[in-house]
Structures are given as structure tokens and as C-alpha cells.
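**Student:**
Protein chains: 2
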Amino acid sequence: MDRRQRKTREAIFTAFIELLSKKDFAQITVGEIINQADIGRATFYSHFETKDFLLKEMSEELFCHIFDAMNEEKANHRHIFDCNAPESVFLHLIQHLKKNDNNILELLSSQNNELFLQYFKQNLGELVASQLTLFESRKSEKLPESFWINHITSTFVETIKWWIDNDTRESPETITEYFFLAV
Amino acid sequence: MDRRQRKTREAIFTAFIELLSKKDFAQITVGEIINQADIGRATFYSHFETKDFLLKEMSEELFCHIFDAMNEEKANHRHIFDCNAPESVFLHLIQHLKKNDNNILELLSSQNNELFLQYFKQNLGELVASQLTLFESRKSEKLPESFWINHITSTFVETIKWWIDNDTRESPETITEYFFLAV
DNA sequence: CACATTGCTGAACACATTGTTCAATTACAT
DNA sequence: ATGTAATTGAACAATGTGTTCAGCAATGTG
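Next comes the structure, spelled out in C-alpha cells:
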């Protein structure tokens, strides 16, 4: 990809994240993004069809990053994912979030857009489904699988949201514990 | 309140609900509401400052209705809320929703606006907090109260959403059971 | 019934935002 | 160095927002 394109794309993402940390998705205008990114109007529209697509593409990119990073570490340090700590996938994810490399935590904060959370939940759902054996129990047998998966995923998302609203005071370990207690 | 005002207000609400059952809040325009309600533009704005306020006021009115109705039945048929079925408050709420008197179910459906769900959750949170003793357990002792309340409330909302997405095939009793199993 | 009050109307208005177009300019890759 | 491709900025139509106002209609009060 052309260096100019990369630069522009990066500038738009950065500007967008900056704005999202201040106000709702709904009340951000393309004009503001353009100003913040310091690019021409036509340039924006040559990159993204609409503001909604921008959010969508950015979400996908961010979640790819974080889940790819997790998989990589999974491959390198296999010991982290041993049988003695099967819940570590989620601890690991929370630790990643805590680093806030790509401002994901800021973006997930509830004052910001629900759409972003929706994309997060979607990606998370796949992870949960792949780790379903972790959550087998007396109650899971009595519940429809789709209900159960949705419950676990939602609980994780809500745990993260609660954590953020509490200014991420608790350690990732504590939050992981809360999550597994609640679910 | 003037009969004309009541009629107009009702017409706006009805039109709004009709539109919300078809498309997202975000893509409904004031013009559409006006057409559907068959009123003048100035009239709309003399009733509601913006589209957002319309949603807010309508939500409050709907939730007042349903929670008032519940309290009334609570007073009249005290036996429904006896000690043998302490969970019946939630069963009762679900039964109310199932009746769909005010199209609340339709409005809660996830394809529609998150703002509406937010208002629902807010009202529900108060109910949950007042019924907190129902949910005391080993795990609730180990979790911060605010986390616990949020978890219960979210689980209820997610249960309802899952139910709706499944076309409310299950009976209110079954859904109540799922909720109490999950939480 | 007559009256003053209040609400409704609908058109016109200024304003903001969106998404497109285009010709001129600039940066890129090889 | 050159052809290719991205960026620019201004101008554009189209749509939506929220306000204003003068005229009309419904209300309920005496």
C-alpha cells in the first residue's frame, strides 16, 4: 500500500480515536474528523464510504491486532495456557486491554458508542465459543447453548465495562476472578 | 392537559413506535415522524425539543406504565409475591413484557436503539437493587455490590434480548428459570 | 352562546452536514 | 525521469434541523 495512503488512513484513525474519547460517535461529524486529521474532504471519502464504515473498519483492525497478538503469544509461550490455569485466556485478554495499546479501553468505555461494543462482543463471542469447555457446569447443562454462550460473552463485556467505569482500579487478576465468579 | 395536546402527543408516540419497529432510531428523521403522525412541523417542535428528548420521554412514560402496573398488582394480589416464590417479581415483569401492551418488546429488540435499552436497564437497576436479598449467595459475598447489581441487571436484559431474538418461543416461566440459573 | 386562550398549521427561513465532482497539484515507485 | 496514483480544496446539490410567524381551529370557561 502506498505510503500516502497509509499515512492518511493512520491520520484518520488517530483523529477518530481522539474524537471518540471526547464525544459520542453519533455527534462526531465528518468535518471534525477531517479537521482533526488535517486532510482534504475528498480524501476522507476516497478512503471510507461513510462514518459508519470507518468505525467498522477500525474496529476490525483493532480487534485483529489484539486477537492476533494473543495468538502469537499463545504460540511462543505455550506455558501460559497450561491446564492449571485454563482461565488464563481471559486473564491474558484483560492484560492486553489494560496495556491499552490502541486505546481500546477508552473506546470501550460506555459513554462511547454501542456499535464499537457490538463489534467487540462479536469477536469475543468466537473466543468464548472456542473455550466453551471451560464453562461447563451443572447449570450450563440446563441452558440452551446459544443462551449460555451469549451469557458468558455478555458477562465478560459487562465486567470490562464495570471495570472501566471504576477507572480500572482492580488488577487484571482480580477482574478475571470476578468474571469467573459471576459467570 | 388540553385534549389537542394529548392527541398530538399520542400521535407522535404512535408514529414513533411504528417507525422504530421498522428502522433504527438513528436513521429516523423528524420529517418522517411528522408525516407518519400527520402533524405540522412546528407542532412537533412545540412538544419535543429534539428527537432524543422524544425517545427519552417516551421511554420514561412506558417504563412508568409497566412498573406502576406491577406495583398495583403487587398491592392488590399480595399472594403473588409470597415467600415461596420470591422470584415472581421477575416472572411477573416478563409476563408483562410478553403482553407487549405498549410494544415494549418490539422496542427492546436489539436491532433497535441501544438508548432505549439503556433506559430500560436504568429502571431495572432500581428494581434489582430493591430485590437484592433474592440473589445473596456464596459468590455474591466475594463480589463488590455495584458489580453484583450490574451483573444481575445486565443478565436480565441480555436474557430478554436473547428471548426476543428467539422470537419469544419460550414461556415466561422458562425464561425466568433461565435467568435465575444464569445469574 | 360568546369570548379569550391555547394549540395547530404550513410555509419560509438560515444553518449544518453529507457525499460528489473536478481540475490542479503533489508524492510515489521503479 | 516518468507515468501512475493519491491528495487537495473549492464548489455543488441534496437532505435534515430547528425557528419563526401570521392565520386558523379547537377548547373550556363564564
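From first to last, the protein sequence lines stand for chains A and B.
Numbering that gives the first Met the number 0 numbers the first residue of the first sequence as 0 and each following residue consecutively.
Numbering that gives the first Met the number 0 numbers the first residue of the second sequence as 0 and each following residue consecutively.
All C-beta atoms, glycine included, are put in the ideal place defined by N, C-alpha and C.
(1) Specify the secondary structure class of A/N102 as computed by DSSP and reduced to three states.
(2) With distances taken from CA atoms, which of A/L54, A/F12, A/A14 is nearest A/L116?
(3) Would a C-beta distance cut-off of 8 Å place A/E105 and A/S170 closer than the cut-off?
(4) Does B/Y44 have its Cβ less than 8 Å from a Cβ in chain A?
(5) Output yes if chain B places a C-beta closer than 8 Å to the C-beta of A/N99; else output no.
(6) Provide the residue span of the alpha helix (DSSP H) that contains B/E31, from first to last.
(7) Among B/F52, B/I33, B/I163, which one has its Cα closest to the Cα of B/Y118?
(8) Is the stretch 153-166 of chain B in contact with the stretch 117-137 of chain A, if contact means three or more CB pairs nearer than 8 Å?
(9) In chain order, what residues of the same chain lie with their CB nearer than 6 Å to the CB of B/H78, ignoring the 5 residues before and after it?
(10) So that I know if they touch, is there some Cβ in chain A lying closer than 8 Å to that of B/E180?
(11) Which of the residues in the stretch 126-150 of chain B, read from start to end, lie with their CB under 7 Å from any CB of chain A?
(12) Is the beta carbon of A/L242 less than 8 Å from the beta carbon of A/I159?
(13) Is the closest heavy atom of the ligand SAH to the C-beta of A/K160 under 7 Å?
(14) Of all the options A/I151, A/T28, A/H64, which has the alpha carbon lying nearest to the alpha carbon of A/A99?
**Tutor:** This is what the structure holds:
(1) coil
(2) A/L54
(3) no
(4) No, its Cβ sits nowhere closer than 8 Å to a Cβ of chain A.
(5) no
(6) 29-36
(7) B/F52
(8) Three or more Cβ pairs closer than 8 Å define a contact, and the stretch 153-166 of chain B falls short of that threshold against the stretch 117-137 of chain A.
(9) Any reading at B/H78 must be qualified, since the residue scores a pLDDT of 49, below 50, and its modelled position is unreliable; the value itself is stated next. Cβ within range, chain order: n/a, list empty.
(10) The question names Glu, yet the displayed sequence has Leu at residue 180 of chain B. Taking 8 Å as the threshold, the shortest C-beta distance from B/L180 to chain A falls below it.
(11) K138, K141, L142, F146, N149, H150
(12) The displayed coordinates of chain A run from 0 to 182. Any statement about residue 242 of chain A would go beyond what the structure contains.
(13) No copy of the ligand SAH occurs in the structure displayed, which carries no ligand at all.
(14) The identity of residue 99 of chain A in the sequence shown is Asn, whereas the question assumes Ala. Comparing Cα-Cα distances from A/N99 to each of A/I151, A/T28, A/H64, the minimum goes to A/H64.
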